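S.K.:
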Amino acid sequence: MQFQGEEVSSFPGQGQPFKIMDYSKEHRFGIVATDLKDLINKACAKLKIAPDTPVRVALAQDGTEVEDEDYFSTLEKNTELMILANGKKWLPAGKCPKYRIVVDEPDGDGTPPKHLQNLVDRLHSDLTSITLLGGKELELLADMDPDSIADFFPGDNRVFLESLKEASSRFLAEKQQARDAMDLLKLYHCHHVTPESSEKKTV
C-alpha cells in the first residue's frame with residue numbers, strides 16, 4: 000500500500016523519514032520527524048487526531064512501543080509506525096480492527112436505535128449474513144444515514160456503512176421484485192384455475 004506525505008530530504012539535521020498509519024491501517028502517510036515529540040505532533044495532524052488525545056507509537060511490524068527519545072533515535076529510515084489513540088492496541092498484519100458500538104440509549108439526539116447498532120455490528124463481523132435478513136431489517140439498513148451513524152463508530156467506517164446501505168437497498172429491491180412476481184402468479188392462478196374448478200363442481 001502506498002504512503003502519502005512529505006518529500007524526504009537527505010540533508011542532516013532536518014529529521015528522518017517515517018511511514019505512519021492509524022489503528023485501522025486505512026490511512027497511511029510519509030512524514031519527516033526530528034524526534035518522537037515532533038513525530039507525534041505531525042502524525043496527529045496528518046491523521047486528524049485532536050492535540051489533547053492520548054497517543055502511543057508502536058512499530059507496525061511487531062507492536063513494540065516507542066516510549067522514549069533514546070529508542071526513537073535507533074529507528075531506521077522509513078520505519079512503519081502505528082499511531083494508537085485513545086487506548087487502541089496494535090494488531091498484526093492482515094487483522095482488521097474489531098469494534099462494537101458503545102452509545103447510550105436513544106434520547107432524541109440522533110443516536111441510532113439499539114437494534115440498528117446491533118445489526119450493523121453483526122454484519123461487520125459476518126457480512127454474508129445480509130442475505131438472510133428479512134424485509135424489515137433490510138429496510139432499516141437501507142434507510143439509515145451513514146454520515147450520522149459513522150459518528151458512533153471508532154475509526155473511519157463511513158465507506159463500510161455506505162456500502163452496507165447500498166447492498167441492503169439492492170437486496171430489498173430484489174425481495175420486492177420476487178414478492179411482486181409471486182403476487183402476479185397468484186393472480187394468474189386465481190384467474191385460470193378458479194373458473195375451471197367451478198365447472199367441475201357443476202358437472
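Numbering (numbering that gives the first Met the number 0), first residue to last: 0 to 202. Ideal Cβ placement from N, Cα and C applies to all residues, glycine included. Bear in mind that the values here come from a model prediction, so they are computed numbers and not experimental data.
1) Where does the unbroken alpha helix (DSSP H) through GLU68 begin, and where does it stop?
2) Would you mind working out which of VAL54, ASP179 and GLU64 sits nearest CYS43, comparing C-alpha positions?
3) Mind checking whether THR78 and PHE17 have CB atoms under 7 Å apart?
4) Can you name the start and end residues of the alpha helix (DSSP H) that GLN116 belongs to?
5) So, using beta-carbon positions, are LYS113 and GLN15 closer together than 7 Å?
6) State yes or no: is the C-beta of PHE171 within less than 7 Å of the C-beta of LEU137?
7) Assuming the contact rule is C-beta atoms closer than 8 Å, LYS174 and ALA141 should be a hit. Round their C-beta distance to whole Å, please.
8) Please return the same chain residues whose Cβ sits closer than 6 Å to the Cβ of LYS87, not counting the five positions on each side in sequence.
M.R.: Put simply:
1) 68-71
2) VAL54
3) Yes, they are a contact pair.
4) 113-124
5) no
6) According to the sequence displayed, residue 171 carries Leu and not Phe. In contact: LEU171 and LEU137 (Cβ atoms closer than 7 Å).
7) With a Cβ gap of about 11 Å, LYS174 and ALA141 do not count as contacting.
8) Around LYS87, the same chain offers TYR22 as residues with beta carbons nearer than 6 Å, after the five sequence neighbours per side are excluded.
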